[in-house]
Structure formats: C-alpha cells, structure tokens
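Student: If you count by mature numbering (1 follows the signal peptide of the UniProt record, and there is no 0), then the sequence shown holds residues -20 to -1, 1 to 225, one letter each, in order.
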Amino acid sequence: MLRRLLLSVALLAFASVALADNITIEVQYPYGVLFNETYKIIGEEFQKDHPNIKVKFRSPYESYEDGSQKVLKEAITKRAPDVTFQGLNRQRILVEKGIAQSLEPFIKEEGDNFSKEGYHAAMLNLSTFDDQVYGLPFSISLPIAYYNMDIVKKAGWSKELPRTWDEVIELCKMIEANVPGVDTMFWGWNITGNWFWQALNWSRDNTMLSADEKTVNFGNDTGKLAINTFAKLAKECKMGVDHTL
C-alpha cells in the first residue's frame, strides 16, 4: 500500500501585533481529528513560555481547501485568524492577495537562535516567495510505501521488498494468486494536491509547470510516463475505488 500523510502545512502570520501586557492570538488549523491533541499541547507549552499571550483555537477547518476558502473570505471582513495552518500548495494565493504577512521581521529579531531551532534553508524555501519567508513548515511528509509483511509472506514473496514499480506489480499478482480476498494495493488520489501523481513527475525531475508558468509539463514524455505508470498500477494491481477517503 503506497500512502502519504497529507499533512504538509505551512504556518502563516496574518497580523503583526505589537507587544502588550496581555495579548490574545487566534489560531486555526485543519483536520481536527488528527491534530486536536497536538495543538492543545503546543498551545499549553507556548503559554508557559509566554504567559502574557493567550492562545485561542478556532474550530478546525475540515480540510486544506476549506481552510484557504475561509481565510480568503475572512480577510475581506478582517476576521482572518492571526495564525493559520495551510497546505503548502495553498500559500501562494494568500501571499499574492496580500493576506499573508512576511515573517522576515520576526526572523531578524530572533537572530542566530532562529537557525538553531532547525529552520534551515531547505525548509524555509517551502514558504518563501520573492525572497520573503511567509510561513514555517509543520508536519511535512513524503510519499511512503507500507507493506503488510504477514500478507507478503503468505503470498510467497521471499526477495527484498520491491524497489521498482514492476516489482510492485509482481508482488500484487502473487498476493492475488496466493492470498484470496485481500486488496493487493491502495494508492491515494484526492483533491488535496494529488501528491502521488506529483511525486511520479518530480521523481524524474519533471515540474508541473514550465519556469514561466505558461505551459503544463505533464503533457510531455515524462508526464505521460507518470500517468501511464499510475494507470498500470491501478489496472494490474486491480485497485478498487474507496470514496470514503
């Protein structure tokens, strides 16, 4: 089963608040079922270090799409949260519309301590636009393959785990033949970025758009190879459709 945690989010500051005796900041994030406990702990620990700042969490967004739509609407009425967690592919529109605020003044104030916290260039580049950092990465992940080793063994696979897509298909066919009633493979595809589809392109150094952003690149030979690989996996591993995810 090839899966990826769709938790790639960026932290964007929407209001630069002058220090005062008591401050309340409003924070909003997506996927409460996954993150409620995490943010509860983060909020409590933050307030221990900054007792004059109260963290108020709004009800979680249903998804990244819901989050970006709400911020775009709330910005019109000046009701956007002070801090929002957005998908990496949802940042740019907030920057271009002047909603997201540059974090450069805060980074400068932190000085050397900022880099020591682990925010190196590769991480900051994910939220950098026009040489300005607008967000901090949180819960960044990559596509990962998980194998049910009990099923793999029952299928009779005795070699090293697959390292190519053809080997993945070979394993699927062995599972189908030797472990009846088991779905051989699951590969996620949904509206939030279509991460696996992008990964197939990026793995061959193929960007989704040309450098001038006027032409889609996935119509080239590499893009066609990516979508054909996706189709081959779906057909030969006989993947079903699960609309609940």
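Glycine included, every Cβ here is placed at the ideal spot set by N, Cα and C.
Please state the DSSP three-state secondary structure of threonine 164.
Tutor: The residue you call residue 164 lines up with position 184 of the sequence shown. Coil, per DSSP.
Student: Go ahead and label tyrosine 44 buried or exposed: buried means 16 or more other beta carbons lie within 10 angstroms of its beta carbon, across all protein chains shown.
Tutor: Here residue 44 is taken as the residue at index 64 of the sequence shown, counted from 1. Buried is the call here.
Student: Let me confirm a value: proline 31 is counted as buried when at least 16 other C-beta atoms fall within 10 Å, else exposed. Which label applies?
Tutor: The residue given as residue 31 occupies position 51 in the sequence shown. Counting Cβ neighbours within 10 Å, proline 31 comes out exposed, since fewer than 16 surround it.
Student: If you draw a straight line from the alpha carbon of asparagine 2 to that of lysine 36, how long is it in whole angstroms?
Tutor: Locating residue 2 in the sequence shown gives position 22, where the first residue counts as 1. Locating residue 36 in the sequence shown gives position 56, where the first residue counts as 1. The straight-line gap from Cα to Cα measures roughly 13 Å.
Student: How about valine 113 and glutamate 84: are their beta carbons less than 9 Å apart?
Tutor: To locate residue 113, count along the sequence shown from 1; it is residue 133. To locate residue 84, count along the sequence shown from 1; it is residue 104. Contact: yes.
Student: For glycine 78, which option in Thr209, Asp110 and Asn105 has the closest C-alpha, if you only look at C-alpha atoms?
Tutor: Counting from one through the sequence shown, the residue named residue 78 turns up at place 98. Among Thr209, Asp110 and Asn105, the Cα nearest to that of glycine 78 belongs to Asp110.
Student: Take leucine 180 as the anchor and find which of Asp192, Lys139 and Leu122 has the nearest alpha-carbon.
Tutor: Walking along the sequence shown from the start, residue 180 turns up at place 200. Comparing Cα-Cα distances from leucine 180 to each of Asp192, Lys139 and Leu122, the minimum goes to Leu122.
Student: So threonine 57 is in the beta strand (DSSP E); what residue range does that whole segment cover?
Tutor: Locating residue 57 in the sequence shown gives position 77, where the first residue counts as 1. Careful: threonine 57 lies outside any beta strand (DSSP E) and carries neither H nor E.
Student: Please list, in chain order, all residues of the same chain as threonine 202 whose beta carbon is under 6 Å from its beta carbon, the five residues on each side excluded.
Tutor: Within the sequence shown, numbered from 1, the residue matching residue 202 stands at position 222. Correct list, in chain order: Arg184 and Asn186.
Student: Can you tell me the Cβ-Cβ gap for leucine 213 and isoleucine 155, rounded? I've got them flagged as a contact below 8 Å.
Tutor: Counting from 1 along the sequence shown, the entry for residue 213 is found at position 233. Counting from 1 along the sequence shown, the entry for residue 155 is found at position 175. Leucine 213 to isoleucine 155, Cβ: 14 Å. No contact.
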